[in-house]
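In the numbering used here, the protein residues as written are 1011 to 1669. All C-beta atoms, glycine included, are put in the ideal place defined by N, C-alpha and C. Data block below; observations after.
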Amino acid sequence: MIPTFIKKKNVRTAMYIKHTKSVLFAGIMALLIPASTLHAQSAKTLTVKANEIKGTVQPTMWGVFFEDINMGADGGIYAELIKNRSFEFFKPMMGWKVLGKPLTEGDFLVMNRQKLDTANPRYLRITLHNNSKGNIGLNNEGFRGMGIKKDLGYDFSVMYRQIAPGVKMHVELVNEKGENIGGAAVSTTGTGEEWKKVSAAFTATASSFKASLNIWFEGDGAVDLDMVSLFPKDTWKNRAGGMRADMIQMLADMKPGFIRFPGGCIVEGFDLSQRYQWKKTIGPVEQRQLVINRWNFEFAHRPSPDYFQTFGLGFFEYFQLAEDIGAEPLPILNAGMACQFNSAELVPIDQIDPYVQDALDLIEFANGDSITHWGKVRAKLGHPLSFNMKMMGVGNENWGPQYVERLKIFTKAIKEKYPDIKLVNSSGTDPNGERFDYLNRELRNMNADLIDEHYYRRPEWFLANAGRYDNYPRNGSKIFAGEYAAQSDKIVSINNKNNWQTAIAEAAFMTGMERNADVVSMASYAPLFAHVDGWQWTPDMIWVDNLQTYGTPNYYVQKLFSLNKGTNVVPLLENNKPLAGQDSLYASAIIDRTTNDLILKIVNASAKTQEKNIQVDGVKTLDANVRLTILKGEELSDVNSLSQPDKVTPKEQKVTLKG
Ligand code: AHR
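If you want it as C-alpha cells, here you go:
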C-alpha cells in the first residue's frame, strides 16, 4: 500500500531510454530505484509515454472544500474566542455565567431592541448598587474553552453604553484551575444612548488549552454590553478580528487550486430562512445577522446546541482567503431550495428573482469595477481590485426536476450578463442511482460547465471505481468532484476514521481522476476541518483542538497530489492499459511543462511487495537525479493524532539513476 511520487527532472531534454529504471516495491511500503539493479528480470514493465500528451491538468485540479461544520468557522478558523458574543443564540446566555451574587432581581437583563436593530437585537444590561467591589461579573467559556498562548497579546473589545455612569470593568483570562493568566482594565466613558466600542490589549502570562474569560464589574450604575470579543494577536496575516493562523497555514501549505465555500448543506439551510445569504455576511460584524447552524441539530447522536453561524467569517473574508493562499474562489449559492434531507422547502418560481439577483450581485461584488454598486461595497471593505472570480456554484446536493427548473433560470440570467463565468451544477448526493442518472442526463443536455459529483463511500468503492472516468464523454460538461472521502465504516457513522486504508483508497482513485484530467477539472476532499471536542461529522481532513492542528493521512495524500500537480497527462501503461487496479496497483503520470519534470504517482493497495520496471519512452535524456516521496502506513488502521501527528507523513529521498 504505497502512493509513491517519483519526480524526474528534464524530461524534454532527455533521450529515449529503455528499461532505465527498475522499481521495486519492497515490503509493503518502500519504493526503491536502485541504480545497480536496473531492471528486475521477472517484473512486468510499466511504460510511460512521456511525449504523448493526453490532456491538460487544470491549475484548479486539486482544491479544498470549506464548510462551517465540526466547528470549522466559529470555534475554528475564525479566531474569535468568545462564544455567543452578542447574546443572539437561541438561549441568550448560552456560554455565559453570572459570577458572584447580584444584589437584586434584574441586575442582569437580556434586552431586545428588535425594531431598531433587526440584525443584532439583543444586548445585556448590568446594574450595580451599593458600590459593588468587583466581585460581580460574567464568565464566557469560549468554544470548548479558549486556547491561550503564554506571552501572546490578546485584544479584548466590547460595545457599550452607560445608562447610569459609575461602572468600572476589568477583564481577566483564567486557566482550567481558575488562576489568572492575564487581563486588563477596560475604561468606559460618557453616558447616553449612543453605543461605543472600547478595547483593551493584554499579554497572557501562561498557556492554557481551556481557559475562559471573566469580566468583573465594580461601582454603581448601569451599563449595556454587546459584541463582547477576544482575539489573539497572532491571526493569519496579523489581521485584527482575523483567522487562526495555524489552521490556515495547513491550507496554504497544500497550495490548493481553488477553495469552495461556504459549503455544503449550510448553503441550503434546514429551511429557506436558515439558508446562507452572502449579503448578510459582509460589512461591520455587529450587523451580520447570525443564524442557527444546521449542524447544531442535524445528528441526534452528535447534538451541538451551541453551534451558530455568526458570520464573523463572511464572503469578503472568504474571497480574501482565496487570494491569500493563491486559490481560485468558488462560492456556492442557494438555488431557491432548502436542504432536501430537511424541510425541502422551495421558493416558488414566481418569487425566485431575489435569489437570482443575489447571484448576479455576487459576481459584481467579486469582480465589478468600484464604480458599480457592489464593486464599490467591496472597495469600501478594503479591496478596490477585482477578486477575479471565474466560477460559481448554483445549488449544493440538490436533485429532481425542481432543481433543474430553478437552475435553468439562474443559468440563463447569469450567462446572459456574465457569459465567462463558469457554473458548477449539482448532480445530487450520490455518484450513481436514479437521481444521479436523471441529473447527469439533464445537466449534460443543458451543456453544464461543471457537474459536481459527491462520493462518500467505503474504501473498496474507491478502489473499484478508480477507472470511473476512463469512459466518460470527452466532450461537453467537465467534472468537479466537489466532495469525497472514503468512509472506514459508513456515511455519517461516528466510527469513521481517517485511517491509512481510507487514504490509500482515495490516492488510488485520484490517480484515475488525474489520468482523466481532460474530464475532471477539479476535486476536493470533504469535510475539511474538525475540532476534536466539537465535531458532528467524521472523517475530516484536518483535526484541531484549541491550540494545535494535525493532518490526517488523507491530508497528506491531498497535499502530495496538489504539490505535484504538473501540467499535462501522459500515458502510463502496462500491457497497453492504464494501471487501474491490476495487481492492486494504480498509477498516473504527468509532466510539468514549466519545470520539465516527469511525475509518476504509484499506489500499491495490496499488502504484498511488488516489482515493476518503468520504461520511459519519448524523451531524449533523463536527469539522473530522482526525487522519491513515499507515504506509507504499517497497518490499514494507522491514524495520525494530536499525540502522534506524524505517524503517516510523506518521507522524501533522493535517488540517482545510472544513465
Ligand atoms: O461534507 C459534509 C456534508 O456532506 C456536506 O455539507 C454535504 O454537501 C454533504 O452531504
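Restricting attention to Val1277, Ala1389 and His1393, the CA atom closest to the CA of Asn1352 is found in Val1277. A distance criterion of 7 Å places the beta-carbon of Pro1294 beyond contact range of the ligand AHR, judged by its closest non-hydrogen atom. With the rule of 3 Cβ pairs closer than 8 Å, the segment 1581 to 1593 counts as touching the segment 1056 to 1076. By the CB criterion at 8 Å, Ala1232 and Ala1211 fall outside the cutoff. The beta carbon of Arg1416 is closer than 6 Å to those of Ala1345 and Gly1346 in its chain, skipping five residues each way along the sequence. Sixteen is the threshold: when 16 or more other Cβ atoms of the shown chains lie within 10 Å of the Cβ of Gln1287, as they do, the residue is buried.
For His1464, the number of other beta carbons within 10 angstroms of its own is at least 16, and it is reported as buried. Boundaries of the alpha helix (DSSP H) harbouring Gln1568: Pro1563 to Leu1573, taken from the DSSP string. Two segments are said to touch when three or more pairs of C-beta atoms, one from each, lie closer than 8 Å; by this definition the segment 1461 to 1476 does not touch the segment 1372 to 1391. Beta-bridge analysis with DSSP links Ala1221 to Met1156. With a threshold of 7 Å, the Cβ atom of Ile1173 does not count as near the ligand AHR, since no heavy atom of the ligand is closer than that. Its Cα nearest to that of Val1067, the residue Met1532 stands out among Val1665, Met1532, Thr1639 and Asn1556.
For the pair Ser1239 and Glu1098, the CB atoms are not nearer than the 8 Å cut-off. Taking the Cα of Tyr1482 as reference, the smallest distance to any Cα among Ala1527, Leu1331 and Asn1574 is reached at Ala1527. In the DSSP assignment, Trp1106 forms a beta bridge with Asn1150. From the listed residues Phe1075, Met1169, His1180 and Ile1292, the smallest Cα separation to Cys1275 is found for Phe1075. Glu1327: not part of any beta strand (DSSP E); member of the alpha helix (DSSP H) spanning Phe1325 to Asp1334, first to last residue. When DSSP reads this structure, Trp1553 sits in a beta bridge with Ala1540 and Tyr1560. Boundaries of the beta strand (DSSP E) harbouring Gln1625: Glu1621 to Lys1630, taken from the DSSP string. Annotation for Glu1355: Asp1281, Leu1282 and Ala1348 place their beta carbon closer than 6 Å to its own, counting only its chain and skipping 5 residues before and after. For Gly1188, the closest alpha carbon among the candidates Tyr1170, Lys1220, Lys1159 and Gln1172 is that of Lys1220. For Thr1199, there is no enclosing beta strand (DSSP E), as DSSP marks it with neither H nor E. Apart from sequence neighbours up to five positions away, the residues of its chain that approach Met1169 with a beta-carbon distance below 6 Å are Trp1205, Lys1207, Asp1236 and Met1237, ordered along the chain.
DSSP places Gly1322 outside both helix and strand once states are collapsed to three, so it counts as coil.
The beta carbons of Phe1490 and Asp1447 sit about 18 Å from each other, so the pair does not count as a contact at 8 Å. In the same chain as Arg1135, and ignoring 5 residues on each side of it, the C-beta atoms closer than 6 Å to its own belong to Leu1119, Met1121 and Asp1234, in chain order.
In this structure, DSSP gives Pro1441 a state outside helix and strand, which the three-state scheme calls coil. Sorting Glu1426, Ser1651 and Asn1377 by C-alpha distance to the C-alpha of Val1366 places Glu1426 at the top.
A residue is called buried when at least 16 other Cβ atoms come within 10 angstroms of its Cβ; Ala1376 meets this threshold and is buried.
Here DSSP, grouped into helix, strand and coil, assigns Asp1462 to strand.
Not one heavy atom of the ligand AHR sits closer than 7 Å to the Cβ of His1139. The Cβ atoms of Gly1403 and Tyr1413 do not sit closer than 8 Å to each other. Secondary structure at Tyr1448: helix, using DSSP grouped into helix, strand and coil. In this structure Ala1310 is exposed. Its beta-carbon is surrounded by fewer than 16 other beta-carbon atoms within 10 angstroms. According to DSSP, Val1177 shares a beta bridge with Gly1229.
Ala1214 is positioned such that its CB atom lies closer than 8 Å to that of Leu1162.
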